[in-house]
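If you want the working numbering, it's the 1-based position in the sequence shown plus 53.
What follows is a short report on a single structure.
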Amino acid sequence: MIFTKTIHIETEKPGDIINLTHKIEAVVGESKISNGIVHIFAPHATAVFALTELESRLREDIEKLLDNLTPKEGWKHDVNAYSHLRSMLLPPDRTLPVRNGRVIKGTWQDLFFIEADTSGRLRKIEITVIGE
């Protein structure tokens with residue numbers, strides 16, 4: 054069985070981090086699929102996901118890491134090169150297992166969206182649950 058759903062989120066600023074864990078878990082519950090996988094995809098050139106702990110100091114460290122790896126200035130594509138480079142380093146999608154109707158993740162893991170572009174914007178997230 055395959056279940057698909059589109060959700061929308063709105064970011065406020067560059068680097069905005071939005072925890073999607075509960076939204077993804079709700080879609081898996083809505084799907085009525087017990088065992089399989091859930092695939093989450095952002096069809097945008099400057100939108101990425103991460104799967105790790107989302108503690109406030111770690112959130113600051115994530116922002117610092119991205120700024121150090123891809124500073125905002127100094128690139129040939131002067132508009133938003135850093136945004137596109139970030140989307141090359143972090144994926145625009147994630148796939149997680151589903152068992153007994155629940156998303157399987159580590160105790161401290163959350164799935165979150167990171168706004169990689171130059172401003173906040175409305176983003177579309179495609180969620181596909183596949184299984185039985």
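For every residue, glycine included, the Cβ atom is placed at its ideal position computed from N, Cα and C.
Given the structure is predicted, the values throughout are model-derived calculations rather than measurements.
Nearest neighbour of residue i, chosen from the options [CA to CA]
i: Thr99; options: Val182, Ile180 and Thr171; result: Thr171
i: Ile70; options: Ile77, Phe56 and Leu107; result: Leu107
i: Trp161; options: Leu104, Glu126 and Ile183; result: Leu104
i: Val101; options: Ile157, Ile183 and Ile62; result: Ile62
i: Phe94; options: Leu164, Gly184, Arg174 and Gly173; result: Leu164
Residue span of the beta strand (DSSP E) that contains residue i, given as start and end
i: Thr148; result: Asp146 to Arg152
i: Glu179; result: Leu175 to Gly184
i: Glu63; result: Ile55 to Glu63
i: His137; result: Counting along the chain, His137 falls outside any beta strand (DSSP E), though it belongs to the alpha helix (DSSP H) covering Ala134 to Leu142.
i: Glu106; result: Run containing Glu106: none; DSSP gives neither H nor E here.
i: His92; result: Gly89 to Phe94
i: Glu126; result: Note, Glu126: premise wrong, no beta strand (DSSP E); not H, not E.
i: Asp163; result: Asp163 to Glu168
Alpha-carbon spacing of residue i relative to residue j, whole angstroms
i: His97; j: Arg176; result: 8 Å
i: Leu119; j: His137; result: 12 Å
i: Gly159; j: Glu179; result: 23 Å
i: Arg174; j: Thr64; result: 5 Å
i: Glu168; j: Met54; result: 32 Å
i: Leu142; j: Gly154; result: 31 Å
Exposure label - residue i; buried when at least 16 CB within 10 Å
i: Arg139; result: buried
i: Gly89; result: buried
i: Val132; result: exposed
i: Pro150; result: exposed
i: Ser84; result: buried
i: Thr123; result: buried
i: Gly184; result: buried
i: Leu111; result: exposed
Host alpha helix (DSSP H) of residue i (start-end)
i: Asp114; result: Ser109 to Leu122
i: Ile77; result: Thr74 to Ser84
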